[in-house]
Every structure is written in C-alpha cells, then in structure tokens.
Amino acid sequence: MTREARERDEFRTPFSPKALRVVQVTTDPARDSHMDQQNAIRWTPDSKRFLLRREAADNGAAKPGLWLCDTEDGFAIRPVREWANVLPPFTPTAADAEGSLSLAGGQLDPAGDSLFEFYQKGGTLELRRVSLETGKAEPLMTAPAPLSTGWMDVSADGEHVLLSVFLGDGKTEGAPWALRVFDVRNRRQWLVELTNKHRKAGASVYRKGAAFCPGNDHAGVYDILVAVGPARLANGSWLTPPDGSWGPTPSGDATFDFTCVCRDDGGDYPHDGRGPCRVLPLPAPPAYITSHACWRGRSARTFVASMYNVSTTRWRVPFVEVEPAGMEAETVREARAAAPSKWVDLTRFVSRADACHFNFDGSGRHLVSDTDGYVLPQTCMLYVGAYVEPEHGDAPYLETRLLGLARTSWKTQPAHPHPCLSPDGRFAVFQSDFSGRPQVHVAHGFTYP
C-alpha cells in the first residue's frame, strides 16, 4: 500500500459544513491522478474502495495505470493495473499498435471484486477481467481492433460490456460509429451501427439498475441511452473525419435531435429517425443545451440532465428531470416543443441554479455537483443536494448545500472536478489541480439538507 493522503482545509469556506473534511488522496507531483467518468462504475458496492487513474510520470519512472483507494485504511492506495503503453481515445491507431485503451482502460464489475479492461495488440482487441486482489488478467473475448475507440460501459449485472468503436477504414467519408457489445456470460458479441456523429456513444449509457421492471426482473438492465439525429452537421460536413480523430462541433450546431432509451441489441433504436421509441423529452434546443446527464440512482425510472438555459441573458443551468415517454421518432421535435410539462425543473427553488458535472448515490436521493467553471474557474463550487418528493403530489425538487470551492483551473479534463458520490452517499470524490497538477480528493463528514 502507498500512503500519500493528507488533510486539506483550503477547499473550505465560511459557509462549508463545520464537520467537513477533505483528504488529498494522491500527491505525486510528477504525474496527474484523476477519477474520470463520474457516472461509470468506480466504487465497490460496499462504498469502501474506489478506482482511480494515474498517468505516467513526467520522467517515465512510473507507469500509467489503475489504482484502488481504501477509505477504511487511511485512504491508502495501491496499483491494480499498470501498463507500458496507453492508446488515447478518438485517435487513429497504427496496425501494429499495442497498449491499454485509455478511456476504456478499466471499469469495475458491479460485484466489486474485479474490473474489465480493453487491451489492443495489433489488429486484435481483447476484453479482459482483472482481479482486484491479485491483478491477474483473464482474457474473455477478442474482436477486430477498430481504427479509433471511445468510451466503455458495463451493465448493472456485469454480464454485458459495451465499447464505442469507429467503423471507418481511414479513407471513407461519413463512416459510422457503432457500439460493440460483449455478452461475457454467453461469450457472444455484436455491433449496433449508429452514425458518423455518435463518437461519444458508450459514455456511461447503461442503465445501472432495472428501471423499467419490478422486483428482480432484469428486463431493463440492458437498456442504454443513444442519441438520435441526422448523420451530418448543419453545414453538410461529417463530424468524424475518415481517420476517426476528434473534431470540434461547430458552434451552434445541434448535434442530435433527441435521446432515446433502447436495448443494447439495437432492436428498438430508430435508425432512420422514424418509428416508435422511448424518448427523453428534455427541453429542446436552441433555448436549452444539454451539459451532462445520468440516470437518477440505481432504481429510479427517471433521467436527470444539467442544461444551459440560453433563452435569456441571465446565467442559469438548471437540473431537469424526465421520464422516458413513448413517441413517434419523426414527431419528437414537435412533441417536445408542445409538451414542456414532460420535464421538471428540480432547481426551480434554488436562487441561482448552476449545474455542470454531477452524480447521484445508489438511492437516487442524494447528489453532488460542481458549478460551471469553463468561464470563471475560480468561482467553481462543490455542493450536495437532497431529492425531495412533496407529500401532496407536487413535483419533486432539490434542496442544496454548499461544500466548498473546487480550487481548480479547468484547463484539462483531469482538472475538471467531476464529482462522484460513493453508493451510500458518505464520500464525494473530486479532482483539483490546486497543488500544482490534477490530484484526487475525497470530501466526507458532511450531511445533506
């Protein structure tokens, strides 16, 4: 075990909870450390340990890898996986490339005793299961290595693993992205082809609980979120070039029309933008722009998004809650505009709604969030919230409480706070580069409103 943890009080403010404690878990000044993908499975189900990522040291003395933090052992950390090479996402890879896939490097099995990782060797992509105790990797399945990859996700029962892959050959304009789904129990795999614009597909899209079924019925455990929209940008160009690299979305271009809930076999996905589907009736652009989103806890039927309200000059980024609704795909845009009551502003009683990255605990009753720091990072705050359901049938809402300042630059993704709650809601993990470069911190000792 490595013991780098130290108490920090610089994140507290005069308005912070008196019992709040903040621990800087990683302190190595030679490399970045972070807990990325705040909606991925990073915690063990008992809320005692969580997974974090450490990049290679500047001088090459330490390898990149995944480490485990033990909250019951003074926040000590130890390596679970270390790699000689990491292949970055949304970047063309050579035919003989070898290394762990960066964003898909690892995600915990929901049981909490192992993790899944993707490793590429030449033209072969390998899915592995790695023991948290021994670090031993068990090869599970292989697939042809794509030109470029994105995010991964794991279903709530740990039996399906999903990876977003680019199906281009390096030359063809408009080549599509797809979801490659691995059924690790039955050793089967398949592709769900999307469009050229779906490069972010697979970012914590699985339903982390059986949302659309009672009791232990797993009918909804393989539900995923997929955006639906035209294959091209408004100017007629393709978002992803032939080599599969990342290109910025043109300002003002609504990348997708709407988001729907479908099965991970793609059978009920409206590929041509037509037919019945389960839609998330979020506020429509151009008045609203989705920032970040996730399912509310493990068993709630609803989905929550932080959304920029750009309809006025007043800065406001509310939390909006919706329940999937059955609609005809070709009429979704009109239906969303005509039925604003389909969504609930959870922050309508907050004096200044300012949401960005956020995460719920397992119960869906508690939330942690940061405020937007893209414009003024020095004003970025961390806060927690409680989900309140009034007794008399009124719409639910959030009560919020300030934790402290994030004190981070927002200059890189690892420097974004990306707060994440433990399943039991006792711990809030976040990133900050206040000490010089991105490091992992844990806030605890706080209570909810």
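Under the numbering used here, residues 2 to 450 are what the sequence shown spells out, in order. Glycine included, C-beta positions come from ideal geometry on N, C-alpha and C.
Check: So the beta strand (DSSP E) Ala232 belongs to, where does it begin and stop?; Outcome: Segment: none, Ala232 is in no beta strand (DSSP E) and carries neither H nor E.
Check: Determine the direct distance from the alpha carbon of Gly276 to that of Ala330, and round the result to whole angstroms.; Outcome: 5 Å
Check: Can you check which of these residues, Pro450, Ser436, Thr448 and Phe447, is closest to Arg7 by C-alpha distance?; Outcome: Ser436
Check: Val262: which of Ala228, Val305, Pro286 and Arg353 sits nearest, CA to CA?; Outcome: Ala228
Check: Helix or strand or just coil, what does DSSP make of Thr380?; Outcome: helix
Check: Determine the burial state of Ser132: buried for a count of at least 16 other Cβ atoms within 10 Å of its Cβ, exposed for fewer.; Outcome: exposed
Check: Look up Glu5 in the DSSP assignment and say whether it is helix, strand or coil.; Outcome: coil
Check: Please return the same chain residues whose Cβ sits closer than 8 Å to the Cβ of Glu390, not counting the five positions on each side in sequence.; Outcome: Pro397
Check: So, for Lys172: in the same chain, excluding its five sequence neighbours on each side, which residues have a beta-carbon less than 6 Å away from its beta-carbon?; Outcome: Pro243
Check: Within a Cβ cutoff of 7 Å, which residues of the same chain sit near Gly66, ignoring the five residues on either side of it in sequence?; Outcome: Arg55, Pro80, Arg82, Glu83 and Trp84
Check: Provide the residue span of the beta strand (DSSP E) that contains Val193, from first to last.; Outcome: Arg189 to Glu194
Check: Can you check which of these residues, Gly327, Met328 and Val351, is closest to Phe320 by C-alpha distance?; Outcome: Val351
Check: Between Leu403 and Glu139, what straight-line distance do the alpha-carbon atoms span, to the nearest angstrom?; Outcome: 44 Å
Check: May I ask you to report which of helix, strand or coil DSSP gives Gly203?; Outcome: Confidence is the limiting factor: at Gly203 the pLDDT is only 48, short of 50, which leaves the residue's position unreliable, though a coordinate-based value still follows. Gly203: coil per DSSP, three-state reduction.
Check: DSSP on Ala453, reduced to helix/strand/coil?; Outcome: Look at the range of the chain in this structure, 2 to 450, and you will see that residue 453 is not part of it.
Check: Could you give the distance in angstroms between the alpha-carbon of Phe76 and the alpha-carbon of Ala63?; Outcome: 20 Å
Check: Under the three-state reduction of DSSP, which class applies to Thr332: helix, strand or coil?; Outcome: helix
Check: If I'm right that Pro418 touches Leu383 with Cβ under 8 Å, what's the distance once you round it to whole angstroms?; Outcome: 6 Å
Check: How is Ala387 classed by DSSP in three states: helix, strand or coil?; Outcome: strand
Check: Would you give the residue range spanned by the beta strand (DSSP E) that Phe259 belongs to?; Outcome: Phe259 to Arg264
Check: Tell me the start and end of each unbroken beta strand (DSSP E) in the region 363-442 that is at least 3 residues and wholly inside, in chain order.; Outcome: 367-371, 382-389, 398-406 and 429-433
Check: Can you tell me whether Met2 is buried or exposed, with buried defined as 16 or more other CB within 10 angstroms of its CB?; Outcome: exposed
Check: DSSP state of Lys137, grouped into three classes?; Outcome: coil
Check: In chain order, what residues of the same chain have a beta carbon less than 7 Å from the beta carbon of Ser17, not counting five sequence neighbours either side?; Outcome: Leu403, Leu404 and Gly405
Check: For the pair the region 276-291 and the region 354-365, tell me if three or more CB-CB distances fall below 8 Å.; Outcome: no
Check: His35 and Gln432 - do their beta-carbons sit closer together than 8 Å?; Outcome: yes
Check: Taking the alpha-carbon of Thr332 as reference, which of Cys278, Val385 and Cys381 has the nearest alpha-carbon?; Outcome: Cys278
Check: Taking its Cβ as the centre, do 16 or more other Cβ atoms sit within 10 Å of Gly159, making it buried, or is it exposed?; Outcome: buried
Check: Could you tell me how far apart the beta carbons of Phe51 and Val305 are, in whole angstroms, since I believe they sit closer than 8 Å?; Outcome: Going by Cβ atoms, the distance from Phe51 to Val305 rounds to 22 Å, so no, they are not a contact pair.
Check: If we count Cβ pairs, one from each stretch, closer than 8 Å, do we get three or more for the region 135-149 versus the region 115-126?; Outcome: yes
Check: How would you write the range of the beta strand (DSSP E) that Ile78 sits in, first residue to last?; Outcome: Ala77 to Glu83
Check: Measuring alpha carbon to alpha carbon, tell me which residue in Ser101, Leu234 and Pro46 is nearest His199.; Outcome: Leu234
Check: Thinking just about the alpha-carbon of each residue, which of Ser246, Thr413 and Tyr223 is nearest to the one in Ala95?; Outcome: Ser246
Check: Apply the 10 Å Cβ neighbour rule to Arg438 and answer buried if 16 or more other Cβ atoms are within range, or exposed otherwise.; Outcome: buried
Check: Can you list, in chain order, the residues of its chain with a C-beta nearer than 8 Å to that of Thr119? Leave out the 5 residues immediately preceding and following it.; Outcome: Contrary to the premise, residue 119 reads as Phe rather than Thr in this sequence. Here the set comprises Ser101, Leu102, Ala105, Gly106, Leu126, Glu127, Leu128, Arg129, Thr150, Met153 and Leu164.
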